[in-house]
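Quick note on numbering: the first sequence equals residues 149 to 578 in the working numbering.
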Amino acid sequence: MQIARIIEISKFKDQEVTIQGWLYNKRSSGKLRFLQIRDGSGTIQAVVFKGDVSDPVFQVCDELTQESSVVVSGIVAADKRSSLGFELQVRDIQIQQIAKEYPISPKEHGTAFLMDHRHLWLRSSKQHTILKVRHALIRASRDFFDGQGFTLVDAPIFTPAACEGTTTLFETDYFGEKAYLTQSGQLYMEAAAMAVGKAYCFGPTFRAEKSKTRRHLTEFWMIEPEVAYMDLDGDMDLAENFVAFIVQRVLESCQEELKVLERDITILEKIKTPFPRISYDEAVKIIHDKGLEFEYGNDFGAPDETAISENFDTPILVHRYPAAIKAFYMKKDPADQTKALCVDMLAPEGVGEIIGGGQREDDLDVLLAGIKKHNLPVEAFNWYLDLRKYGSVPHSGFGLGIERTVGWITGITHVRETIPFPRMMQRLTP
RNA sequence: UGGGGCGUAGCAUAGUUGGCAAUGCGCCUGGCUGUUAACCAGGAUACCGUAGGUUCAAGUCCUACCGCCCCAGCCA
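Below, the structure is given as structure tokens:
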């Protein structure tokens, strides 16, 4: 007997197959039993007619509880009444395990309850669909960089000091010394770029900020490319090509998923390069023209980002922020020393920042002065300064937050649903 | 860390001027040969977030505490 996955059930029309899965829901009608079986690839209705199976097999249907694991064999039959187009005419059922009373019923629940049962909630169609899109997006990201000659270089998780010094870090005891969980792989990618030319990393990053918004996690995943001999313009080219590529790939490979998530894909279909590029000064003008209160020189808040991005229906690149509000490693604009050669990508629909990056300071003395100005411990950055002693070159890169990007593409407004097991200020379990 | 909101059965909620704690889902029992979050009949299930207080009487009023949600700051 062939074992079939539901996603490719059409290949087995009129054949007898076995489905290995779980009971999602069931209904009954006299001598008929309707079992909704899911196997992780899809859901199919298995129809059990009393005349087609032995009495014990028919009785088993009434013992099955929600999420019981079952192996069901039957004939794959085309049926117009099925949303899948096919249903299974059951011949045999084997119980793997009868589930205890399942906490998540197919009705409404609150987010807190569902998050407490995140390990089970992942089985529900919407959540498992989001995971599929996340996977597609990660695979597209790797394909993009791999296809352009980048080398994947893994960055460490334990780090001796802050990368940026501005944000709060998680501190750990490292054999009697202090170590911190990384907040970015960037500094290590700069070293990697000097070794391989084009490097990227993909891994978890940690921020101990006490943020409780729908855009924040304490543990999130970033993909961070870094390229030697690339300036800010090249960085913006790379960023927009990358984002356009992954959106296109998700549109192609996740049509069903986006339908389940009820995502309006016409918005995503409009995404084409080049993206609008506006300077910080121009962005401030947009905010002021809309009558919002904003002090020139500050960083943008969430409402400011929304105001800027709602003028456009694709992501936009905002460049050259005031150097004073940016990290020490940002190179200053030769045309205006008060500005940094940095760029943020703001996604439309009020999603906000999904990319932050820019051109790095490549001059040893300027960088050293920056470290001191930010009151960072110079010793911890000696290895990083070496990169400016031994064949320093202009170089640029950026970091893209996976969860925010998945949220934007799927239309899920809270990042806690775009990562399998979110870590937030108020949540460490499951 | 500020501003706002919410804690009642396994889940989602209602609960009026303080007076026997209710409804839907899920669960259990039974019925139906085409159900689509099926339907019909019956049944079980509550330390009303915690601790005090006011009162003849508190889910309801008062005080403190705990937990959660939303928004903001910080950021990807």
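Ideal Cβ placement from N, Cα and C applies to all residues, glycine included.
Would you say residue i touches the ligand PLP, meaning its beta carbon is less than 6 Å from a heavy atom?
i      : result
Glu374 : Absence of the ligand PLP is noted for the structure shown, with no ligands found whatsoever.
Determine the direct distance from the alpha carbon of residue j to that of residue i, and round the result to whole angstroms.
i      : j      : result
Glu565 : Ile278 : 8 Å
Tyr336 : Ala303 : 6 Å
His265 : Pro578 : 7 Å
Leu416 : Ile557 : 7 Å
Glu215 : Met378 : 53 Å
Lys296 : Ala387 : Per the sequence presented here, residue 296 reads as Gln, with Lys not at that position. Looking at the two C-alpha atoms, the distance is approximately 13 Å.
His276 : His522 : 44 Å
Phe546 : Glu501 : 12 Å
Thr314 : Arg355 : Here Thr314 scores only 47 on pLDDT, less than 50, and its place in the model should not be relied on; the value that follows carries that caveat. Straight-line Cα distance between these residues: approximately 11 Å.
Asn530 : Pro424 : 38 Å
Gly351 : His283 : 14 Å
Lys159 : Ala226 : 11 Å
Leu515 : Ile426 : 27 Å
Arg271 : Ile473 : 43 Å
Ile154 : His257 : 28 Å
Pro254 : Trp170 : 14 Å
Asp381 : Tyr348 : 18 Å
Phe306 : Leu524 : 18 Å
Ile456 : Lys480 : 24 Å
Val526 : Pro308 : 12 Å
Gly178 : Gln242 : 21 Å
Phe323 : Met572 : 27 Å
Glu458 : Gly439 : 14 Å
Excluding sequence positions up to five away, which residues of its chain have a Cβ less than 6 Å from the Cβ of residue i?
i      : result
Arg175 : Phe182
Phe390 : Phe292
Gly518 : Phe476
His562 : Arg362
Gln245 : Ser217
Phe318 : Leu329, Phe354, Ala356
Based on DSSP bridge pairs, tell me the residues matched to residue i.
i      : result
Asp484 : Asp481
Pro424 : According to DSSP, Pro424 bridges with nothing at all.
Leu180 : Ser177, Phe197
Gly504 : Asp492, Gly547
Ile167 : Val220
Glu374 : Ala347, Gly545
Leu300 : Tyr348
Asp187 : In DSSP, Asp187 forms no bridge with anything.
Phe368 : Thr353
Phe460 : Beta-bridge pairing links Phe460 to no other residue.
Ala225 : Glu235
Arg321 : It should be noted that the sequence gives Asp, not Arg, for residue 321. Lys326.
Ile155 : The partner list for Ile155 (beta bridge, DSSP) is empty, contrary to what the question assumes.
Phe306 : Leu329
Ile241 : Val220
For residue i, I'd like the list of residues in its chain whose CB is within less than 8 Å of its CB, leaving aside the five on either flank, ordered along the chain.
i      : result
Gln193 : Phe182, Leu183, Gln184, Ile185, Ser230, Leu232, Glu235, Leu236
Gln579 : Outside the shown range of the chain, which is 149 to 578, sits residue 579, and nothing can be said about it.
Asp240 : Val201, Val205, Val220, Ser221, Gly222
Thr166 : Met149, Gln150, Ile151, Ala152, Val219, Val220, Ser221
Asp429 : Arg468
Ala341 : Ala347, Glu374, Val375, Ala376, His543, Gly545
Ile560 : Ile278, Leu409, Val554, Thr566
Thr454 : Gly498, Gly500
Glu357 : Thr315, Thr316, His364, Thr366
Leu262 : Ile252, Trp269
Considering only residues of the same chain and omitting the five flanking positions on each side of residue i, which have a CB-CB separation below 7 Å?
i      : result
Ala288 : Phe393, Ile394, Arg397, Val398
Leu406 : Ile413
Assuming residue i contacts residue j under a Cβ cut-off of 8 Å, what Cβ separation, rounded to an integer in Å, is found between them?
i      : j      : result
Val238 : Val195 : 6 Å
Val541 : Asp383 : Going by Cβ atoms, the distance from Val541 to Asp383 rounds to 14 Å, so no, they are not a contact pair.
Pro470 : Thr486 : 6 Å
Pro463 : Leu494 : 6 Å
Ile371 : Ile550 : 7 Å
My output table needs one value for residue i: the three-state DSSP class, helix, strand or coil.
i      : result
Lys280 : helix
Ile473 : helix
Glu357 : coil
Phe569 : coil
Asp264 : helix
Leu406 : helix
Ala247 : coil
Leu329 : strand
Leu236 : strand
His467 : strand
Thr414 : helix
Thr314 : Here the model assigns Thr314 a pLDDT of 47, short of 50, so the residue's position is not dependable, and the following value carries that caveat. DSSP places Thr314 in coil when its eight states are reduced to three.
Phe448 : coil
Asn388 : Per the sequence presented here, residue 388 reads as Glu, with Asn not at that position. Reduced to three states, the DSSP call for Glu388 is helix.
Tyr538 : coil
Arg271 : coil
Ile192 : strand
Arg287 : helix
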